[in-house]
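**Student:**
Protein chains: 2
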Amino acid sequence: MMTDALLRELRTALGEQGVLTGNDIPARHGTDWSGLPPVVPVALLRPTSTEEVSAALRICHAHGQSVTPQGGLTGLVGGARPSDGDIALSLEKLTGVEAVDLQTSTLTVRAGTPLETVQKAAEEAGLFFALDIGSRGSCTIGGNLATNAGGNRVLRYGMARDLVLGLEAVLPDGTVLSSMNRMVKNNTGTDLKQLFIGSEGTLGVITRAVVRLHPRPTSGVNAICRSPDFAAVLGLLNLAREALGGGLSSFETMWPSFYNFVVERLPELRPPFPAGPELNVLIEAAGFEPDRDHERFEQFLVTAFERGFLTDAVVAKSEQESRRFWAVRHAGSEYQRVLGSITSFDISFSNDQLGDVVEECEAAVKANWPTAYALSYGHVGDGNIHLIVNIPGVEVQPRNEIADLIYPITGKYGGSISGEHGIGTRKLNYLSYSRDDREIALMGLLKRTIDPRNILNPGKMLPLDAVAGPTGEKLALD
Amino acid sequence: MMTDALLRELRTALGEQGVLTGNDIPARHGTDWSGLPPVVPVALLRPTSTEEVSAALRICHAHGQSVTPQGGLTGLVGGARPSDGDIALSLEKLTGVEAVDLQTSTLTVRAGTPLETVQKAAEEAGLFFALDIGSRGSCTIGGNLATNAGGNRVLRYGMARDLVLGLEAVLPDGTVLSSMNRMVKNNTGTDLKQLFIGSEGTLGVITRAVVRLHPRPTSGVNAICRSPDFAAVLGLLNLAREALGGGLSSFETMWPSFYNFVVERLPELRPPFPAGPELNVLIEAAGFEPDRDHERFEQFLVTAFERGFLTDAVVAKSEQESRRFWAVRHAGSEYQRVLGSITSFDISFSNDQLGDVVEECEAAVKANWPTAYALSYGHVGDGNIHLIVNIPGVEVQPRNEIADLIYPITGKYGGSISGEHGIGTRKLNYLSYSRDDREIALMGLLKRTIDPRNILNPGKMLPLDAVAGPTGEKLALD
Chain A
-17 MMTDALLREL RTALGEQGVL TGNDIPARHG TDWSGLPPVV PVALLRPTST EEVSAALRIC
43 HAHGQSVTPQ GGLTGLVGGA RPSDGDIALS LEKLTGVEAV DLQTSTLTVR AGTPLETVQK
103 AAEEAGLFFA LDIGSRGSCT IGGNLATNAG GNRVLRYGMA RDLVLGLEAV LPDGTVLSSM
163 NRMVKNNTGT DLKQLFIGSE GTLGVITRAV VRLHPRPTSG VNAICRSPDF AAVLGLLNLA
223 REALGGGLSS FETMWPSFYN FVVERLPELR PPFPAGPELN VLIEAAGFEP DRDHERFEQF
283 LVTAFERGFL TDAVVAKSEQ ESRRFWAVRH AGSEYQRVLG SITSFDISFS NDQLGDVVEE
343 CEAAVKANWP TAYALSYGHV GDGNIHLIVN IPGVEVQPRN EIADLIYPIT GKYGGSISGE
403 HGIGTRKLNY LSYSRDDREI ALMGLLKRTI DPRNILNPGK MLPLDAVAGP TGEKLALD
Chain B
-17 MMTDALLREL RTALGEQGVL TGNDIPARHG TDWSGLPPVV PVALLRPTST EEVSAALRIC
43 HAHGQSVTPQ GGLTGLVGGA RPSDGDIALS LEKLTGVEAV DLQTSTLTVR AGTPLETVQK
103 AAEEAGLFFA LDIGSRGSCT IGGNLATNAG GNRVLRYGMA RDLVLGLEAV LPDGTVLSSM
163 NRMVKNNTGT DLKQLFIGSE GTLGVITRAV VRLHPRPTSG VNAICRSPDF AAVLGLLNLA
223 REALGGGLSS FETMWPSFYN FVVERLPELR PPFPAGPELN VLIEAAGFEP DRDHERFEQF
283 LVTAFERGFL TDAVVAKSEQ ESRRFWAVRH AGSEYQRVLG SITSFDISFS NDQLGDVVEE
343 CEAAVKANWP TAYALSYGHV GDGNIHLIVN IPGVEVQPRN EIADLIYPIT GKYGGSISGE
403 HGIGTRKLNY LSYSRDDREI ALMGLLKRTI DPRNILNPGK MLPLDAVAGP TGEKLALD
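Protein sequences appear in the order of chains A and B. The first sequence begins at -17 in this note's numbering and counts up by one. The second sequence begins at -17 in this note's numbering and counts up by one.
(1) Which chain B residues sit within Cβ distance under 7 Å of Gly404(A)?
(2) For the beta strand (DSSP E) containing Arg92(A), list its first residue and its last residue.
(3) Is the Cβ of Leu424(A) closer than 8 Å to any Cβ of chain B?
(4) Output, in sequence order along the chain, the residues in the stretch 267 to 284 of chain A whose CB is closer than 7 Å to any CB in chain B.
(5) Measuring only the C-alpha atoms, how far is Asp419(B) from Leu218(B)?
(6) Report the residue from Gly17(A), Trp15(A), Gly54(A), Val21(A) whose alpha carbon sits nearest the alpha carbon of Arg28(A).
(7) Are Gly406(B) and Glu224(B) closer than 8 Å when you measure CB to CB?
(8) Assign Val378(B) to one of two classes, buried (16 or more other C-beta atoms within 10 Å of its C-beta) or exposed (fewer than that).
(9) Going by other Cβ atoms of all chains shown within 10 Å of its Cβ, with 16 needed for buried, is Tyr355(A) buried or exposed?
(10) Here's a check: name, in chain order, each residue in its chain whose Cβ is nearer than 6 Å to the Cβ of Thr13(B), leaving out the five neighbours to either side.
(11) Considering only residues of the same chain and omitting the five flanking positions on each side of Cys462(B), which have a CB-CB separation below 6 Å?
(12) Any residues in the stretch 124 to 156 of chain A with a beta carbon nearer than 9 Å to a beta carbon of chain B? Which ones, in chain order?
(13) Specify, as a first and last residue, the run of the beta strand (DSSP E) that Glu150(A) falls within.
(14) Is there a Cβ from chain A that is less than 8 Å from the Cβ of Pro197(B)?
(15) Which chain B residues are close to Asn366(A), counting only those with a beta carbon under 7 Å from its beta carbon?
(16) For Asp114(B), which residues in the same chain have their Cβ closer than 8 Å to its Cβ, ignoring the five residues on either side in sequence?
(17) Counting only beta-carbon separations shorter than 8 Å, does Ser467(A) have a partner in chain B?
(18) Where Lys442(A) and Phe327(A) are concerned, what is the direct C-alpha to C-alpha distance, given to the nearest angstrom?
(19) So, with DSSP's three-state summary, where would you put Ser96(A)?
(20) Find the residues of chain A that neighbour Gly224(B), judging by a C-beta separation of less than 8 Å, and give them in chain order.
(21) Could you check how far apart the C-beta atoms of Ile384(B) and Val347(B) are, in whole angstroms? I think they sit under 8 Å.
(22) Hey, how far is the Cα of Thr235(A) from the Cα of Met165(B)?
(23) Where does Gly61(A) fall in DSSP's three states?
(24) So Gly180(B) contacts chain A; which residues on that side make the cut at Cβ distance below 8 Å?
(25) Tell me which residues of the stretch 308 to 335 of chain B have at least one Cβ-Cβ distance to chain A shorter than 7 Å, keeping chain order.
(26) Could you tell me which of Gly61(A), Met425(A), Phe282(A) sits nearest to His11(A), measuring between CA atoms?
(27) Where do the ends of the beta strand (DSSP E) carrying Gln52(B) lie?
(28) Since Ala151(A) contacts Ile188(A) with CB under 8 Å, what's their CB separation in whole angstroms?
(29) Helix, strand or coil: which one does DSSP assign to Phe282(A)?
(30) Given this structure, state the Cα-to-Cα distance separating Leu76(B) from Gly186(B), to the nearest angstrom.
(31) With 8 Å as the threshold, decide whether the Cβ of Thr407(A) is near any Cβ in chain B.
(32) Could you compute how far the alpha carbon of Thr453(B) sits from the alpha carbon of Gly426(B)?
(33) When DSSP builds the beta bridges, which residues end up paired with Glu288(B)?
(34) On a CA-only basis, which of Arg417(B), Val371(B), Phe331(B) is nearest Gln318(B)? Give me that one, please.
(35) Using the C-alpha atoms, what's the distance from Leu387(A) back to Arg194(A)?
(36) Just checking: is the beta-carbon of Ser416(A) within a distance shorter than 8 Å of some beta-carbon in chain B?
Put into structure tokens, the structure is as follows:
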């Protein structure tokens, strides 16, 4: 519980501007993009330096005060939404690109910097920061790393984890752990930064990072292809990997459920094909030889057509047309307006399983709610799909019932209940479909070792009972 | 201390063939390629399954018996060399590629499988396993992962860590932690496999892995170039990254100290250039369009020449000639024969620092021992160099004195004392040049949490006093 003493200490350490309470706390700090109802934090901290983050956590640790770290608040699973009684610690004042190093192709950045700012800084230096997600203008690089963000270019450049060379994080007791490595190779012991990447702010608060930049592609080709069935989509994917000479950067598939819905409900998007029974694939290739890249892409389409992997294709003739194709793929942002409340999934598999999985998930939803919408699309190159469910005419969607249908299917295929969005609080009850008891127990052991007072984002990512103590004789380890 | 009871239990669990003692233990299990004198383990365990590894560790854990895991015994820092009183646990009987999955481009393998076997299995399936190091015929995939091996293609495909999707490891108490994920995207909590990769067998014994395969390049170009100075080498590197369209896979630089020594001492290698004051760069590009790739490479060389990045270049006209170029680069295996005992380094930096670092290191050695050989070469694309030192006419090389010269220079530049070989026992005393007290303390905390009896490779990677307990008030964490 927040006491006057705690508040006084925090104000002394962070100044009046660094500690907001009551009505001074902007409403947006109450929740994230998960759609979960807001919870007003007991205080909002806005440290402006690593030292202030350290001081804040040291004080909260001493008082046993729970803390929810916050980046851009764009998460979809409630990871940055305070629990009752939490202090929110926002990194929004800890911003700025500190350095772009052309020689090592690295960029050093403070955690609260928006992703788009990082992308622009790289671009201004003639390089390329490959991470890209729809919320780029709002999300922060610290949040991207804490959640191991994925996005549109994982196929080529990997997840956020793969783009990090060095990290600075503050441990729950205020210890600053600075591993701001800029080297590609550094085998000097356990790679500690991995503890914090993708752990959703439960083990430390990321304050700075060194990220890896890539050469900036000078050519881009975007096309939408129609494939007769999922086997053809897989054939198309494998051919694209071979034939585009490493240039393939996105391979996004829209099942008919999704595509036809978009075509019918959002004609203003001017989709390239009418509704139909086929699957639709948005392919992006990026390279360094504009003429040659276009020629190679055309050749790839011809071969794909000859092999029956596609029946039709449209190559974007302009930047504008490319954006139009992507608008179809990103029509997800319009769901709320068109459908009202939705239940969405972010599930991941071996990519050869996706055809069966989509069929089974859509059928399961329809079997229970014959009028339901079950719309499937996603990053097929990465084995990751999103499924959107809406039961028309129902004001409060039966989210739990829908989840109880879909996650068992995920488990049956050995899939992941979260490809990229994380666990937060939304998926806590389903974690065991993707992680077994021993993995959960080891995560709990790490959590209570590094955060013995359980002050850092408690109740997120891991069930509280896994954190509380040994769950089995083995991982008790004495 | 190994008791009769312990031995009986191990024999019951692993059978007579699984537990060797005394003269039955092959001599090679006493040490690795570090050159450190052998220590005969008190027993050699050769489990044939994950279950037997688990049983062996459970028994050793119960008895407080220390265990050194062993792969191919090719490590260079003593990590697999038993300490006095250790049992050696060899993975040599836990071998075999279990599956190659074309659709997901993954390969599932048991830890004791030699790297070369993994490479061949991928190749037979029409794919490519990118990890490659000189000891490929002897080293094992489990050892590669436990040490996060680097090698010749890091520039393009990353370290061993970057090639792992799933891992199975046995914890010190025998718990089998199976995270045999085959998915590219799986954000369901802390990425536990990272604890074991690069931790040199101190936190768990890797038993199986799912590794990532790549498309097999269908064309390769190898060339040796001469550059007037290190600035030109960096220019050449940056140009190669841009101009080879992502095809650059190796960029290995031989300073005159190394190259001229090789030319003069090993004329049978038939090196392409005579001795001279220039730096020599071996470049490999690999792609999927043989004609186009060669054309692109020629154009790259022309541009590099025009910009003054090189003064001469020879492109290999055959596989055989490529192998001849690489033999010059790998002449390191001949050092022992030519020089006798050597002291070698594996140090890593931002790549723009390498010119100064090499100059300073070679000068420091010569200042102390004017007749010394100090030969420099390495993976300049990765910022990683190897330095070989020999003081002629001295039977017992002053290894510690040489290290005490080189590692402070490494520390001064913020470099790594180990780019790829790891810490083992050889570099324990120098760890603090690359990791600060807090990082070492957190590694110690992880070690004593996961291995509270300190039975797994004790005294490797981390100084024993860091493992023993809190070294500072902060990381005591209560």
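Cβ atoms here follow ideal geometry from the backbone N, Cα and C, with glycine treated the same way.
**Tutor:** Short version:
(1) The contacting residues are Asn169.
(2) Looking at the DSSP string, the run of the beta strand (DSSP E) that includes Arg92(A) is 88 to 92.
(3) With 8 Å as the cut-off, Leu424(A) counts as an interface residue toward chain B.
(4) If the cut-off is 7 Å between Cβ atoms, the stretch 267 to 284 of chain A has Gly269, Phe270, Glu271 near chain B.
(5) Going from the Cα of Asp419(B) to the Cα of Leu218(B) covers about 38 Å.
(6) Taking the Cα of Arg28(A) as reference, the smallest distance to any Cα among Gly17(A), Trp15(A), Gly54(A), Val21(A) is reached at Gly54(A).
(7) Not a contact, by the Cβ cut-off of 8 Å.
(8) Around the beta-carbon of Val378(B), fewer than 16 other beta-carbon atoms lie within 10 Å, marking it exposed.
(9) Buried, because 16 or more other Cβ atoms sit within 10 Å of the Cβ of Tyr355(A).
(10) Leaving aside the five residues that flank Thr13(B) on each side, the residues in its chain whose CB is nearer than 6 Å to its CB run, in chain order, Pro20, Arg63.
(11) Any property of residue 462(B) remains undetermined from this structure, which presents chain B solely from -17 to 460.
(12) The stretch 124 to 156 of chain A vs chain B, Cβ under 9 Å: Thr129, Asn130, Ala131, Gly132, Val136, Leu137, Gly140, Met141, Arg143, Asp144, Leu153, Pro154, Asp155, Gly156.
(13) Per DSSP, Glu150(A) belongs to the beta strand (DSSP E) from 146 to 152.
(14) For Pro197(B), the answer is yes, since a Cβ of chain A falls inside 8 Å of its Cβ.
(15) Here the neighbours are Lys167.
(16) Same-chain partners within the cutoff: Leu97, Gln101, Gly133, Asn134, Arg135.
(17) In the structure as shown, chain A begins at -17 and stops at 460. Residue 467(A) is therefore absent and cannot be evaluated.
(18) Computed Cα separation, rounded: 18 Å.
(19) In the sequence as presented, Ser is not what sits at residue 96(A); that position holds Pro. The answer is strand: DSSP assigns Pro96(A) an E or B state.
(20) What sits at residue 224(B) in the sequence shown is Glu, not Gly. Under the 8 Å cutoff, chain A gives Pro197, Phe270.
(21) With 8 Å as the limit, Ile384(B) and Val347(B) qualify as a contact, their Cβ atoms being about 7 Å apart.
(22) Spanning the two alpha carbons is a distance of roughly 17 Å.
(23) Assigned with DSSP and collapsed to three states, Gly61(A) falls in coil, not helix or strand.
(24) For Gly180(B), the C-beta contacts it makes with chain A under 8 Å involve Asn169, Gly171, Thr172, Asp173, in order along the chain.
(25) Closer than 7 Å at the C-beta level to chain A, one finds these residues of the stretch 308 to 335 of chain B: Ser330, Phe331, Ser332, Asn333, Asp334.
(26) Among Gly61(A), Met425(A), Phe282(A), the Cα nearest to that of His11(A) belongs to Gly61(A).
(27) Unbroken beta strand (DSSP E) run through Gln52(B): 49 to 52.
(28) Contact flag correct, Cβ pair sits at about 5 Å.
(29) Reduced to three states, the DSSP call for Phe282(A) is helix.
(30) Using only the alpha carbons, I get a separation of about 16 Å.
(31) Thr407(A) is outside the set of residues whose beta carbon lies under 8 Å from a beta carbon in chain B.
(32) Because the pLDDT at Thr453(B) is just 48, under 50, the model does not fix this residue reliably, and the value given afterwards should be weighed accordingly. Going by the C-alpha atoms only, they are around 9 Å apart.
(33) Here Glu288(B) is not bridged, per DSSP, to any residue.
(34) Per the Cα distances, Val371(B).
(35) Cα-Cα distance, rounded: 40 Å.
(36) Yes, Ser416(A) lies at the interface with chain B (some Cβ there is under 8 Å from its Cβ).
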